[in-house]
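Inspection log for the structure reproduced underneath, given as C-alpha cells.
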Amino acid sequence: MAEPLIIVGKGMAATRLVDELSQRALGRYSIAVIGAEGRLAYNRVLLSPLLAGEIAEPDIELKPAAWWRARGVSMIYGRAVAGVDRAARTVTLEDGLVLPYGKLVLATGSKPLKPPFPGGDLPGVATFRDTADVGMMRAYAQRGARIVVIGGGLLGLEAAYGLSKAGGKVTLLHLVDRLMERQLDAEGAGLLAAAITARGIAVRLNSATKGFVGADKVEGVELQDGTIMPADLVVIAIGVRPNVDLARAAGLAVNRGVVVDDAMASEDANVFAIGECAEHRGQVYGLVEPAYEQARVLAMRLAGQKSAGVEAAYAGSLLATNLKVSGVGVFSAGEFEAGEGAEIVVLRDPTAGIYRKFVLREGRLAGCVLVGDTQGALFYLGLIRSGQDISAIRADLPFGESYCADGRIVEAA
Ligand SMILES: Cc1cc2nc3c(=O)[nH]c(=O)nc-3n(C[C@H](O)[C@H](O)[C@H](O)COP(=O)(O)OP(=O)(O)OC[C@H]3O[C@@H](n4cnc5c(N)ncnc54)[C@H](O)[C@@H]3O)c2cc1C
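Shown next as C-alpha cells:
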C-alpha cells in the first residue's frame, strides 16, 4: 500500500514538490495536501501584477483542480493543521480531524511582520501576503485613497507600484537612506528612487514609523520626527517571519525557520521542511527559486532517485533579485558593494536611467547590479554561479552576452 505523505501548506513549494514527486514516483505515496487558505494553490509572485490590475485572479492559479486529481492528491482547503504528534505520526486539523502520516512535509511559508506599533490594530492597517489582502488594497486604490506603504524593499516597492497603478495616491516610507539596501548600492538605489518618483510615487527615506493615528480607523502614520503622514490605508511591507509554530510545538529544532539538513530533513527523519519556513545552513530564503530547488531535492529523496549515483542534496542558493518596478528593471546578484580586494566595472547613463555595475574578484564575476536595463541578467547570474574566469571578456562585460559571446569566454575558460 502507498505510504501516506502529508504536506502542510498549499503554496508554491508544496505545489512544486507534488509536481516533481509525481514525475518520479507517481503512486508510491498517497499524498494529502492541507492548506489554510480556502482555494487552490496560486502563484504568490503574481499578487503584484494582480494588485496593479495587469492580470485577473484566475491567471494566478498554479495548477487546475484536474491536475491535482490526476495525481491522486487529496486536497483539504481552508483548514489549518493545528498539531503534529511525531510519536503517533499523526497531524490534527483545527477542527479535530486526525490523519496518519508516514512522511510529513512542512511547507507553511511565512507571515508578514507586523511590529506592535501603537494603533497597529486600527482598520486600514494592512499587510501584503494573500489574495484577500489584494482585494482590500485594490478597493482603496481604485477610489483614489491616500496610501502609505512602509518598507522600501522588494515587497514594499511592488505594493507601491501596484497601488499607484490601480489609482492610489502613494507614499513609500523607508527606514534607511536607500531603497532595497540589501540588493542595491547607493547609486543604483538612487536611480531607482528617481525613476519611481518620476512615475508619481512619493518616496521618503530615513523615515522611522512611531505609530498610527486615527479614531476608529487609520487616518495617518506618525513618524519618529513627529511628522504625521495622512493615510486612508497603510500597508506594512517590512519583511516576513517563517511559520514555525507547528514545528516548534512538535519539539523540532527551530531557529528562524525549521532547521533542516541537505536532504531537507528535520532532526526527525520522517519530517521535512521546504520553502520559506525552512532554515538550511543558517539561511532562510524569502524567494521562490530556492523553494523550488528544495522541492526538487526532496522529491528525489522521497522517490529514492539518485543523480549520477549520488543522493540528491541541497547546497544552498545564490540569491538573485529580478523585478520591474514602474517599468524600471532591477537585477542584483552576489556581491553588490565592492568590498576589499574587489574591482568594479561600471557602465552608467544617468540621462537614460541606466546603471550596470560588475564586481570582480580574482578575474571572476562576484556580483552585479543592473538598474534600468536588465538585459543579460541570466547570463551574468550564470557567470557568477559558475565562478569561471572572465578576464578575457572584462571590457565587454557591461554590454551583454552577445558582445562577450564571440568565443573568447570559451578560450578563457
Ligand atoms: C506580493 C508578493 C510578491 C512576491 N514577489 C516575489 C518575486 O518577485 N520573486 C520571488 O522569488 N518571490 C516573491 N515573493 C515571495 C514568494 O511568493 C515566496 O517565496 C513563496 O510563495 C514561498 O513559497 P512557500 O510555499 O514556502 O510559501 P507560501 O506560498 O506562502 O505557501 C504557504 C502556505 O501554507 C499555508 N499554511 C501556513 N500554516 C499552515 C497550517 N498550519 N496549516 C495549513 N496550511 C498552512 C499558508 O496559508 C500558505 O498558503 C513574493 C511574495 C509576495 C507576498
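Heads up, the sequence shown is in UniProt numbering, so the first residue is 1 and it goes up one at a time. Note that CB positions come from ideal geometry on N, CA and C, so glycine has one too.
Using only the heavy atoms of ligand 1, determine whether one of them is closer than 8 Å to the beta carbon of N270.
no
Cβ of S74 within 8 Å of any heavy atom in ligand 1?
no
Status (buried if at least 16 other CB within 10 Å, exposed otherwise) for V45:
exposed
Kindly give me the distance between the Cβ atoms of L2 and R39, rounded to whole angstroms, as I take these residues to be in contact under 8 Å.
Leu is not the amino acid found at residue 2; the sequence shown has Ala there. In fact, because the Cβ distance is near 27 Å, the residues do not count as touching under 8 Å.
Following a CB-centred definition, is F69 positioned closer than 8 Å to any heavy atom of ligand 1?
Checking the displayed sequence, the identity of residue 69 turns out to be Arg instead of Phe. For ligand 1, not one heavy atom lies less than 8 Å from the Cβ of R69.
I'd like to know if the stretch 154 to 161 and the stretch 235 to 244 are in contact, where contact means that at least 3 CB-CB pairs between them fall below 8 Å.
yes
For A159, which residues of its own chain have a beta-carbon under 6 Å away from its beta-carbon, when the five flanking residues on both sides are left out?
F128, V149, V235, A237
Assuming the contact rule is C-beta atoms closer than 8 Å, G167 and A141 should be a hit. Round their C-beta distance to whole Å, please.
5 Å
Using a threshold of 9 Å, state whether the C-beta atoms of G162 and M137 are closer than that.
yes
7 Å Cβ shell around V258 - same chain, five flanking residues per side excluded
L106, V244, A247, L252, S266, A273, C277, A278, E279
Scan the stretch 53 to 113 and note each continuous beta strand (DSSP E) run of 3 residues or more that stays entirely inside, going in chain order.
74 to 76, 81 to 85, 90 to 93, 98 to 100, 103 to 106, 110 to 112
Name the DSSP bridge partner or partners of C368?
A333, F358
The beta strand (DSSP E) spanning E343 covers which residue range?
343 to 349
The beta strand (DSSP E) that contains T127, what's its start and end?
125 to 127
Using 8 Å as the Cβ pair cut-off and three pairs as the minimum, do the stretch 194 to 212 and the stretch 377 to 386 touch?
no
Just the Cα atoms here: how many angstroms apart are L47 and D268?
35 Å
Would you say the beta carbon of C368 comes nearer than 8 Å to a heavy atom of ligand 1?
no
Which of the three DSSP states, helix, strand or coil, is assigned to E3?
strand
Please work out which residues of its chain come closer than 7 Å, Cβ to Cβ, to L191, disregarding the five sequence neighbours upstream and downstream, and give them in chain order.
G353, Y355, V371, G372
Just the Cα atoms here: how many angstroms apart are A377 and D216?
47 Å
Is T171 helix, strand or coil when you go by DSSP?
strand
Looking at S48 and ligand 1, is the gap between the Cβ and the nearest heavy atom below 8 Å?
yes
Bridge partner(s) assigned by DSSP for K324:
G329
For M12, report the span of its alpha helix (DSSP H) as first-last.
12 to 25
Ignoring anything shorter than 3 residues or poking outside the stretch 179 to 245, list the beta strand (DSSP E) runs there in chain order.
202 to 204, 209 to 213, 220 to 223, 228 to 230, 233 to 236, 240 to 242
CA nearest to the CA of G35, picked from P242, R281, I76
I76
Within the same chain, show all residues whose beta-carbon is closer than 6 Å to that of R86, passing over the 5 residues directly before and after it, in chain order.
A250, D268
Using 8 Å as the cut-off, classify the Cβ of R248 as near or not near the heavy atoms of ligand 1, replying yes or no.
no
Give a single yes or no on whether V8 has its beta carbon closer than 8 Å to a heavy atom of ligand 1.
yes
When you compare each of L99, L50, Q283, V203 to H174 by their alpha carbons, which one comes out closest?
V203
For E61, which residues in the same chain have their Cβ closer than 7 Å to its Cβ, ignoring the five residues on either side in sequence?
L40, Y42
Which one or two residues does DSSP pair with F272 in a beta bridge?
V105, A265
CA-to-CA distance, N206 to residue 419, given in whole angstroms
Outside the displayed range of the chain (1 to 413) lies residue 419, so it cannot be described from this structure.
Can the beta-carbon of R281 be found less than 9 Å from the beta-carbon of G226?
no
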